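Read through the structure below, which is laid out as structure tokens, and then see the notes.
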Amino acid sequence: AQSVAQPEDQVNVAEGNPLTVKCTYSVSGNPYLFWYVQYPNRGLQFLLKYITGDNLVKGSYGFEAEFNKSQTSFHLKKPSALVSDSALYFCAVRDGQAGTALIFGKGTTLSVSS
Amino acid sequence: DAGVIQSPRHEVTEMGQEVTLRCKPISGHNSLFWYRQTMMRGLELLIYFNNNVPIDDSGMPEDRFSAKMPNASFSTLKIQPSEPRDSAVYFCASSRTGANYGYTFGSGTRLTVV
């Protein structure tokens, strides 16, 4: 079975400060990890993914995420937050076996204040 | 590319009525997924198809829910009869087959059952 946890319902940061949105996962095989963002009344948009290789993955809009196998974590980060980054962020995982579906966390609301 | 197209965007119906949600995946994507989003339960996988064949429908809440994919360019999710607790945003997503591919989501259908 696979699962993903986002321990924080909401993260608040000031504009210009670094941000971190946390994600931990559980999967039997090799984890394939994804981050998505959802703006109000919109569908989910792909940010970045980790399949294999470097543990630090860079994605859209200046976001990056660090894969940590020992801690089974895949935290989303950005060095300097923007007010426009305020949105709902989802971490997702699937087993490396082809044909399995992504399982999403419950989401973390990021609020960036000016 | 028009992306994943869902219709209708909004649906308000009375309890007991039949509701049909529609989805057109991206051309060339062999996998299609239906998710439901609510405040209480987050994003839940309902069912997914590979090459038009249902692979896992274990997330379908009960027999009132059914999904079909008669061809590679069209899928429906039907609720009959609908109940107020079915009120949610229903998302369709598609991807190429393979664990390393992310999903492209539609804009969703907001269903309200009164």
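Chains as they are written, first to last, in my numbering: chain P, 1 to 114; chain G, 1001 to 1114. All C-beta atoms, glycine included, are put in the ideal place defined by N, C-alpha and C. The structure presented is a predicted model; accordingly, all values stated were derived computationally and were not measured.
The stretch 1051-1061 of chain G makes no contact with the stretch 1100-1109 of chain G, as fewer than three CB pairs between them are under 8 Å.
Residues of chain G whose Cβ lies closer than 8 Å to the Cβ of ALA87(P) do not exist; the shortest such Cβ separation is about 14 Å. Using a Cβ distance threshold of 8 Å, LEU102(P) and ALA87(P) do not count as a contacting pair.
For SER1073(G), the closest C-alpha among the options ASN1052(G), GLU1018(G), GLU1044(G) is that of ASN1052(G). Here the C-alpha atom of VAL11(P) lies approximately 6 Å from the C-alpha atom of THR109(P). Under the DSSP assignment, LEU1046(G) falls in the beta strand (DSSP E) whose first and last residues are 1042-1050. Using a Cβ-Cβ cut-off of 8 Å, LEU44(P) counts as an interface residue toward chain G, since at least one Cβ of chain G sits closer than that to its own. Checking the DSSP bridge columns, you'll see TYR25(P) partnered with VAL4(P).
Rounded to whole angstroms, the separation of the alpha carbons of ALA14(P) and CYS1092(G) is 34 Å. Annotation: Cβ neighbours of LEU102(P) in chain G (cutoff 7 Å, chain order): TYR1103.
Residues of the stretch 22-41 of chain P that bring their beta carbon within less than 9 Å of a beta carbon in chain G comprise ASN30, TYR32, PHE34, TYR36, GLN38, ASN41, in sequence order. LYS49, ILE51, THR52: these are the residues of the stretch 49-81 of chain P whose beta carbon lies less than 9 Å from some beta carbon of chain G, given in chain order.
GLY105(P) sits buried, since 16 or more C-beta atoms from the chains shown fall within 10 Å of its C-beta. Across the stretch 1057-1091 of chain G, CB contacts with chain P closer than 8 Å involve PHE1091, in sequence order along the chain. For GLY107(P), a Cβ of chain G is located within less than 8 Å of the residue's own Cβ. In summary, LYS78(P) is buried, with 16 or more beta-carbon neighbours lying within 10 Å of its beta-carbon over all protein chains present. Rounded to the nearest angstrom, the gap between the Cα atoms of ARG1036(G) and LEU1077(G) is 11 Å. Residue-level contact check: ASN1051(G) does not touch chain P, since none of the beta carbons of chain P fall below 8 Å from its beta carbon.
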